[in-house]
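Colleague: Next up is a structure, given as C-alpha cells.
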C-alpha cells in the first residue's frame, strides 16, 4: 500500500498527466493564431470575403482552444508550490525569471490584444484591427519561447550560481538563460511541430466538409493551405530536430544514448541507428537489435566516424562525478517515445503529400476512404508532440535539473501520497469534464462551417458592396 501511495511517484504522475493534457491545446493555439492572422491579412489586402469567412470560422476554433489552454495552464503553476516545493526553493530564483517574463510580457500581450481583436471589428480600422491579431500571434510564440527557456534550464543549467549558505541556485545572467543552446534549438523545433498540428486540424475539418460536398468554396482552399503547411512544417521540424539532436549530444549524452539503446560507446560503423532493439530487463545489455550502420554517428556528429557515448560508459562517468546511484532513464520509455515521435510526425506528413497528389490541378477525390484518412489522421502530429515531450522529460531522469538536483529530492516533504492521490482524482474529474466540453464545442463549430458574410447591400452584384463586421461575430 505504501508503494501505491508514494508521494514522489504520484506527484510525477500528476504533473505528467496534467502537463500532457494542457499541451493538447498549446500547439493549436500557437499555430492557429498565426493562420488566422495570415487569412485576415489576405482579406485586408484583397477584399475577398472567402478569407473573411475563414478568419471568423478558424478564429472561433482558436478562441475555444485558447480559453481551454488558459484554464488548464494555470494548474501547472500551482503544482510547483504544492508538490514540488523543494524544487521551487532550490531553483525558483532562476526558473521563475522566464516564467515571470512569460506572464508579464507574452501572456499580457496575448490577453490584451485578443480582447481588442474580438471586440474591435466594428470599432477599429481594418488595418489597425489586423495588427491586433498579429500581436496575439506574436504573443503566443513569445509565450512558448519563455516556457521553453525555463524548461531548457532544467535540461542544461546556465546563468546561475549556487549560494551555499542558502542552499539554492541564484540567477546571475538572465541573458544566458534566455539564450541557452537547448532553448535556441528546441524553440523552432517546437513551433514548427505546432504548425503541423494546426495543419492537421485544418486538413481534417476541410476533409469532413468536402466529403459531404459542403462549403467547397471555402474548404478547398483551406485543405490546400493545410496540406502545404503540413509538408513545409514537417520539413522544418525534421531539420530543426537534427540541430536539437546535436545540442542534446553535447549537453545530455545519456538522453541520446537511451534514445538509441546504445549501451556501449561506439564509433563509425558501430555507431548505428537502431530500428528495433530488445534489452535485458535491468536495461544494461542489448539482446537483439536491427540497426543501420554509421547513421547514428552521422546524426550525432555529422560525420561518419564520430563517437557516440554509450549508456554503460556514461553511467560509470556519472557515478564518478555525482556519487553512487543509477543515472540511466527508463530505457524503453525513452527509446520508444523517440521513435513514436518521429514515426507519427512522418506518417502525418506522408498523408499530406498523398493529399497534395490526389488534389493536384483542381482534382477532387470521390472515394470516401480518402477523406476518412484525412479526418482520422488528425491526432498523429498532436500525439507526436506529446510523446516528444515525454521523451524530453523522461530522458532527463533521474534529474529534475540536470547535474544539480535529482527528482527524488525535489518533491514537497510534507505532502502525503493520499493528498496527491485525491488531487489526481479531482483533476481527472475536472479535466475529463473540460475535455468533453472542449471536444463538443470545437466539433460543433467545425461541423457548422463558415458562416456567410453579411453585405451592406441587398444587391449581390454591386461592386461597391462591403462586408458588415460586428464585434459580436463570435
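Numbering (this note's numbering), first residue to last: 37 to 510. Built from N, CA and C at the ideal position, the CB exists for glycine as well.
Where do the N-terminal and C-terminal ends of the alpha helix (DSSP H) with residue 474 fall, by residue?
Modeller: 453–484
Colleague: Is residue 432 buried or exposed, if buried means 16 or more other CB atoms sit within 10 Å of its CB?
Modeller: Residue 432 is buried by the Cβ-count criterion.
Colleague: As an exercise, report each continuous alpha helix (DSSP H) stretch of at least 4 residues that is fully enclosed by the region 124–210, in chain order.
Modeller: 144–155 and 162–191
Colleague: For residue 72, I'd like the list of residues in its chain whose CB is within less than 7 Å of its CB, leaving aside the five on either flank, ordered along the chain.
Modeller: 91, 94, 95, 98 and 169
Colleague: For residue 358 and residue 475, what's the separation of their Cα atoms in angstroms?
Modeller: Roughly 47 Å separates the two Cα atoms.
Colleague: Nearest CA to the CA of residue 463: which residue from 83, 107 and 78?
Modeller: 107
Colleague: Which same chain residues end up closer than 8 Å to residue 208 when comparing Cβ atoms and leaving out the 5 residues on each side of it in sequence?
Modeller: These residues qualify, in order along the chain: 195, 196 and 197.
Colleague: Can you name the residues that DSSP bridges to residue 239?
Modeller: DSSP lists no partner for residue 239.
Colleague: Which residues bound the beta strand (DSSP E) around residue 437?
Modeller: 435–437
Colleague: Within the region 234–307, note down every full alpha helix (DSSP H) run reaching 4 residues or more, in order along the chain.
Modeller: 252–287 and 289–295
Colleague: In the DSSP assignment, what are the bridge partners of residue 343?
Modeller: Answer is 303, bridged to residue 343.
Colleague: For the alpha helix (DSSP H) holding residue 427, just list the boundary residues, first then last.
Modeller: 415–430
Colleague: When the Cα atoms are used, what is the spatial distance from residue 455 to residue 55?
Modeller: 19 Å
Colleague: Less than 7 Å between C-beta atoms, sequence neighbours within five positions excluded: which residues of the same chain meet that for residue 289?
Modeller: Excluding residues within five positions, the ones whose Cβ falls inside 7 Å are 345 and 350.
Colleague: Determine the contact status of residue 277 and residue 225, defining contact as a CB-CB distance below 7 Å.
Modeller: yes
Colleague: So, with DSSP's three-state summary, where would you put residue 76?
Modeller: helix
Colleague: Hey, would you say residue 384 sits closer than 7 Å to residue 236, going by beta carbons?
Modeller: It is a contact, given that the beta carbons lie within the stated cut-off.
Colleague: If distances are taken between C-alpha atoms only, which option among 275, 388 and 355 comes closest to residue 335?
Modeller: 275
Colleague: Return the chain-ordered list of same chain residues with a C-beta closer than 6 Å to the C-beta of residue 440, the five sequence neighbours on each side being excluded.
Modeller: 193
Colleague: Cα separation between residue 478 and residue 100?
Modeller: 7 Å
Colleague: Count Cβ pairs between the region 215–225 and the region 390–399 that sit closer than 8 Å; are there 3 or more?
Modeller: no
Colleague: Throw me the rounded Cβ distance for the residue 380 and residue 419 pair, which I believe falls under 8 Å.
Modeller: 5 Å
Colleague: Using three-state DSSP, classify residue 115 as helix, strand or coil.
Modeller: helix
Colleague: So what does DSSP say about residue 442, is it helix, strand or coil?
Modeller: strand
Colleague: What three-state label does DSSP hand residue 349 in the structure shown?
Modeller: helix
Colleague: Excluding the five sequence neighbours on either side, which residues of its own chain have a C-beta within less than 6 Å of the C-beta of residue 38, listed in chain order?
Modeller: Confidence at residue 38 is low in this model, with a pLDDT of 49, below 50, so its placement is unreliable and the value that follows should be read with caution. If we look at residue 38 and ignore the five residues flanking it on each side, it has no Cβ neighbours.
Colleague: Starting from residue 58, trace the alpha helix (DSSP H) both ways and give me its first and last residue.
Modeller: 43–59
Colleague: Cβ atoms of residue 176 and residue 66: under 7 Å apart, would you say?
Modeller: yes
Colleague: I'd like the list of long-range same chain contacts for residue 204, defined as Cβ closer than 8 Å, with 5 residues on each side in sequence excluded.
Modeller: 125, 126, 127, 128, 129 and 198
Colleague: Tell me the rounded alpha-carbon separation between residue 238 and residue 62.
Modeller: 16 Å
Colleague: Enumerate in chain order the residues of its own chain whose CB-to-CB distance from residue 374 is below 7 Å, with the five nearest sequence positions on each side excluded.
Modeller: If you ignore the 5 residues before and after residue 374, its C-beta comes within less than 7 Å of the C-beta of 295 and 427, all in its own chain and listed in chain order.
Colleague: Taking the continuous alpha helix (DSSP H) assigned at residue 383, which residues delimit it?
Modeller: 367–394
Colleague: Using beta-carbon positions only, say whether residue 271 and residue 231 come within less than 7 Å of one another.
Modeller: no
Colleague: Could you give the distance in angstroms between the alpha-carbon of residue 460 and the alpha-carbon of residue 487?
Modeller: 41 Å
Colleague: Could you give the residue range of the alpha helix (DSSP H) that holds residue 412?
Modeller: Counting along the chain, the alpha helix (DSSP H) containing residue 412 begins and ends at 404–412.
Colleague: Put residue 38 into one of helix, strand or coil per three-state DSSP.
Modeller: Because the pLDDT of residue 38 is 49, which lies under 50, any placement of that residue in the model is unreliable, and the number read from its coordinates should be weighed accordingly. In this structure, residue 38 counts as coil in the three-state DSSP scheme.
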